[in-house]
């Protein structure tokens, strides 16, 4: 009995270790998405905050003397900022650690503005200032400057204290900013890009499925001389990297006048060797007796294909569809080359997003909102049709 | 699909009239062949001489008319001798003429570029389209019987209506009207006539009685059927793959700025790209003093200066080799480890598999933008997490590490490794699922036998799993390597403001494809850029070949 419990405990430990390892990797994969999801809901000041935090916060406001003002809390009292004054941090040149904070407006250059006195500190010449300390004027050098805020208590406007504005503790609460999505859509025409992407993706998926079914049937079921050599050459084209086609295909688009048009994203991509291969393999696995009955009934090849082969091949068609969906939705290099210079109305999401990244570098929250819009559809489709995505990967590995 | 086929079956049975009997019809086809041949000869002459045709357009026109002319000649001779082969070639010529006329009609009527207008109205159709999809799903419920049968029937009608509504909403009627108005012009009407005539000719010649008359075998019929079904793929392959590929090879041998005719250079482009020169710098000599004219320093080891004519290209090669050397192991070895973890029966494992897969479906632009945020050197999470770890470590007595505050995207020594992180993060999960598929194919009995022999876990992995995974490993390494060698999107998104775009700080992330883009689309040296593409292709091919060889050798040895 002791042996059994021992092995049970070992299995338990193994399980825990397994989940820890899986969870660790899972966190690594999910964390950036969480940053995007929450970051897309942050307001601008929140996303630039350091240290970063996950949830979207914004400063609470309260009515103060008839106006909405941001709330701070200083020494336990809720206050609002009524004024900011620039202040300098000063210290005597011989005792740099004895710092004093004073408003720059109340400090004057020693010896006047034009020919002020200087002192050498750590080998560097620095101007001297007259700073009043406890009623005495002391010569000091300026170490740094900041902004001093004057904060009035919310309950009692006459109770005013000074504090460094930048580091004053804000009263904050979680408040997502969904209007980021509307703003980024307006900024970069993302709604139009989204429709274009949907349109292009639908046409590429539909077109590829159609041509692959026709070609797959010819290569799987119709015996004719030269067929297998032809198929081999066609499949061989999968091995050729796309970069080699960029320039000639671009020239073809120029010749057809398709540059800057959605046509350039659709028609060259509806003939796919991988798709034909996938469908052919599936067709080959279908037993021939099913068709023979139909042939005896006098059905044409066309009818056999659409009434018998295609309904049986739905899993392969779904797999191919998910593959082409991802390919069309996420393709970047080609759209970047053929359409990014032209009419923004013809952009697709990847191109818009890339341009947004360049244009809106100062509002990362909007960029992240754009990213959310772009990944929402693929992620949804993935959740709904996960099986086919994974199958697609598995079949591509077997070939 | 069921909806569509049901409608298709209920269509009225009407057949085209088979005018004339087979012998008389063949006489007509023979006459038509002569006319067609003359027309094609005219087209070929026009393609050779027309001043308006430039570069690829002329080549395409020449190729198309020459091929159809050839079909015409063989078809004519064959028909004149009463051979079945004449019918086959004649059919091919008429089929291609029909397709050509239709496609050209669509082209001159601007139907293809009309997609842009559809993009504008398409959003109006989306709700109806969603309804159609729902209705289609409902029709799938039919087999469950009972109430579902009625739901399926309703779904069928709703689906049809929704498809109709979608077409109307996106502007089918105005589109058709525009098309008809545009067709009412001489060229377009001519194309309609040619298209219809060729279609009827092809159809009538295709009929069995004509085949019988010429004594065509079943084999011929099968060949024609096969080519007909494969024709979309074959024509697409010729137009968008084989043709461009050959054209690219030609352009790479020329100097061409896309305007006017390419100037033939022979192998000059390749020589300029690849030329290297070595010099020994002694006593503080500069690179220009020890290298041959036209060369500048690529890098130096000690006194030895290696110079290149195209330093930027060699810089891109060095970058991509470094990138691949890090990104390839980082995106495959952890993936194999993950796959072995995923290959267990523990509950919830599918959830993890799905999570690991998500980065690869998000797309390169989105992923790069996400990481750009994390990489931010002042407010980014990455530096923040590093500084937390540094603080923890410094709590250990005797340790004092300075917070590195890494400039992920602006430090020339770091930028390429930032790209390695982005790439590996994106593909680890994808590769893990690939490995998992391979692992699930490994024979379990071998493992059990080894376990009985007392082999430990590592021994079993090393001696059973790894050898069995050889084909999967080859596929994963080869396909990932092909991706790393073509790195481009991440660069462009992460370094949109550098020149060349995507080259990063001090060209530290300049990759061959970035360089190709710069040469082709910024400097318009299409010949040179094509040559760069071919050099890269050879590099990728060599890489794949080496992987393949290794897999072979291991399998044999």
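Residue numbers (my numbering), protein chains in the order written: chain G, 724 to 1122; chain B, 147 to 703.
Think of the CB as a built atom: it goes at the ideal place given N, C-alpha and C, for glycine as much as any other residue.
None of these values were measured; they are calculated from a predicted model.
Straight-line spacing of the CA atoms in residue 412(B) and residue 673(B) works out to 11 Å. Measuring C-alpha to C-alpha distances from residue 444(B) to each of 421(B), 429(B) and 431(B) identifies 421(B) as the nearest. The shortest C-alpha to C-alpha distance from residue 497(B) to any of 472(B), 575(B) and 442(B) is the one to 575(B). Within the region 516-527 of chain B, those residues whose Cβ lies closer than 8 Å to any Cβ of chain G are, in chain order, 516, 517, 518, 519, 520, 522, 524, 525, 526 and 527.
In this structure residue 1096(G) touches residue 904(G) by the C-beta definition: roughly 7 Å separates them, less than 8 Å. Residue environment analysis places residue 664(B) among the buried positions, since at least 16 neighbouring C-beta atoms fall within 10 angstroms of its C-beta. Just so you know, the alpha carbons of residue 451(B) and residue 652(B) end up roughly 20 Å apart. Burial check for residue 364(B): the Cβ neighbour count within 10 Å stays below 16, so the residue is exposed. In the displayed model, residue 673(B) falls within a helix according to three-state DSSP. Within the region 1029-1058 of chain G, the residues whose Cβ lies closer than 8 Å to any Cβ of chain B are, in chain order, 1029, 1030, 1033, 1034, 1049, 1052, 1053, 1055 and 1056.
Per DSSP, residue 1047(G) has no beta bridge partner at all. Against chain B, a Cβ distance below 7 Å from residue 735(G) picks out nothing, because the smallest value is about 12 Å. Between residue 201(B) and residue 970(G), the C-beta spacing is not below 9 Å. Taking every protein chain shown into account, the CB of residue 669(B) has fewer than 16 other CB atoms within 10 angstroms, so this residue is exposed. For residue 390(B), the three-state secondary structure derived from DSSP is helix. Just measuring C-alpha positions, the residue of 998(G), 915(G), 907(G) and 966(G) sitting nearest residue 937(G) is 998(G).
Proximity of chain B to residue 950(G) at the Cβ level (cut-off 7 Å) is accounted for by 372, in chain order. Between the region 1104-1118 of chain G and the region 493-510 of chain B there are three or more C-beta pairs closer than 8 Å, enough to call the two in contact. Between residue 1094(G) and residue 516(B), the C-beta spacing is below 9 Å.
Under the three-state reduction of DSSP, residue 442(B) is assigned to strand. Judged by DSSP in its simplified three-state form, residue 684(B) adopts helix. Cβ proximity to chain B below 7 Å picks out 1069, 1073, 1076, 1077 and 1080 from the region 1069-1080 of chain G. In the three-state reduction of the DSSP assignment, residue 859(G) falls in the strand class. With a cutoff of 9 Å on beta-carbon distance, residue 369(B) and residue 236(B) are scored as not near each other.
Close CB contacts of residue 885(G) within its chain, under the 6 Å cut and outside five residues either way in sequence, are with 871 and 873 (chain order). Using a Cβ-Cβ cut-off of 9 Å, residue 1094(G) counts as an interface residue toward chain B, since at least one Cβ of chain B sits closer than that to its own.
The beta carbons of residue 1058(G) and residue 1074(G) sit about 5 Å from each other, so the pair counts as a contact at 8 Å.
By the neighbour-count definition (other C-beta atoms within 10 Å, threshold 16), residue 527(B) is a buried residue. In this chain, the alpha helix (DSSP H) harbouring residue 989(G) covers 986-989. Here the alpha carbons of residue 1071(G) and residue 992(G) stand approximately 15 Å from one another. With at least 16 other beta carbons inside 10 angstroms of its own, residue 765(G) counts as buried. Closer than 9 Å to the CB of residue 262(B) there is at least one CB belonging to chain G. Among the residues of chain G, those whose CB is under 8 Å from the CB of residue 686(B) are 964, following chain order.
Between the alpha carbons of residue 466(B) and residue 747(G) lies a gap of roughly 30 Å. At a cut-off of 9 Å, the C-beta of residue 331(B) has no neighbouring C-beta in chain G. Looking at the DSSP output, residue 850(G) shares a beta bridge with 841(G).
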